[in-house]
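Only one structure is covered here, and it is reproduced in the block below.
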Amino acid sequence: MEPLSQDAAPRTLDRRSGPFGEVVLRERGGPDGEIHEIIANGCFLMDTSDGRSERLLMDAAYEALDGRPDPSVLIGGLGVGFSLARAAAEPGWSRIAVAEREQAIIEWHTSGPLKRISAAALADPRTTVLHTDLVGYLHNTSDTYDALCLDIDNGPDWTVTEDNGSLYSPVGLAACARCLSPGGVLAVWSAQPSRNFEDSLRNAGFSGVRTEEIRVARGVPDVVHLAVRPA
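Counting in our numbering, the sequence shown runs from 25 upward without gaps.
Here's what the structure looks like:
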């Protein structure tokens, strides 16, 4: 099959409806080949054109642990797989869990076009994919991690589904803190900076709150919000 030209309209490869709404996998042409993008409930979520900010999400969390031996990480959202691939490329992580609620997205990685990004990471014995809603998981699990790296929305101020908004509330941030080991790191990807979310993190008892930026070609930068559960 010939790749789409850069100017060609996106082509729908798969469309699924489920308990959380509709998810769509599309393909469009790019200067370096085909680009795949995920649309959730009519909202562009992410694509395979870059990945710098997803890699920053993982790198910043790992570095903030400051040499902690054998840390574990929970990634919220499989997405297009950049975060998982970056985690698996870091030998320091001892355990890598990914919470993904959409069966379609999991299948796009295990047997679809996104496996080109995630196949090696999914085969890594440190990796576990949890087919579960992240918000519910954080409230109900007894598991703890040294880092939580969350990328399930376009940010705290722009959620994919209404229920996700509770993740960034005081109750949701308390659930995040409970799932972190003392001194553990919470890292949250966002399509734009949010001073209100920084304030929410501090009000929830997190320390070391800061925001790292990734410049984009147009508009405001992508960011990663970072915070530490006090020891």
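Using N, Cα and C, we set each Cβ at its ideal position, and we do this for glycine too. Just so you know, these numbers come straight off a predicted model, no measurement behind them.
- Judged by DSSP in its simplified three-state form, residue 66 adopts coil rather than helix or strand.
- The beta-carbon distance between residue 107 and residue 82, rounded to whole angstroms, is 6 Å. This is short enough to meet the 8 Å contact definition.
- For residue 134, the enclosing alpha helix (DSSP H) stretches over residues 127–134.
- At a Cβ-Cβ threshold of 8 Å, residue 141 and residue 104 count as neighbours.
- With a cutoff of 8 Å on beta-carbon distance, residue 172 and residue 197 are scored as not near each other.
- Residue environment for residue 36: exposed (fewer than 16 other C-beta atoms within 10 angstroms of its C-beta).
- Residue 50 holds the alpha-carbon nearest to the alpha-carbon of residue 71 among 90, 50 and 95.
- For residue 237, the uninterrupted beta strand (DSSP E) run begins and ends at 231–238, by DSSP.
- DSSP places residue 160 inside the alpha helix (DSSP H), whose first and last residues are 158–164.
- The distance from the Cβ of residue 114 to that of residue 42 is about 32 Å, inconsistent with a contact at the 8 Å cut-off.
- According to the DSSP secondary-structure assignment, residue 169 is paired through a beta bridge with 204.
- Here residue 217 has 235 and 247 as same chain residues with Cβ atoms under 6 Å from its own Cβ, once five neighbours each way along the sequence are excluded.
- Residue environment: residue 151 is assigned as buried (16 or more neighbouring CB atoms within 10 Å of its CB, all protein chains considered).
- In the DSSP assignment, residue 218 falls outside any alpha helix (DSSP H), carrying neither H nor E.
- Distance from the Cα of residue 85 is smallest, within the candidate group 116, 61 and 62, for 116.
- Beta-bridge partners of residue 176 (DSSP): none assigned.
- When C-alpha distances from residue 192 are compared across 159, 75, 207 and 253, the shortest belongs to 159.
- Residue environment analysis places residue 155 among the exposed positions, since fewer than 16 neighbouring C-beta atoms fall within 10 angstroms of its C-beta.
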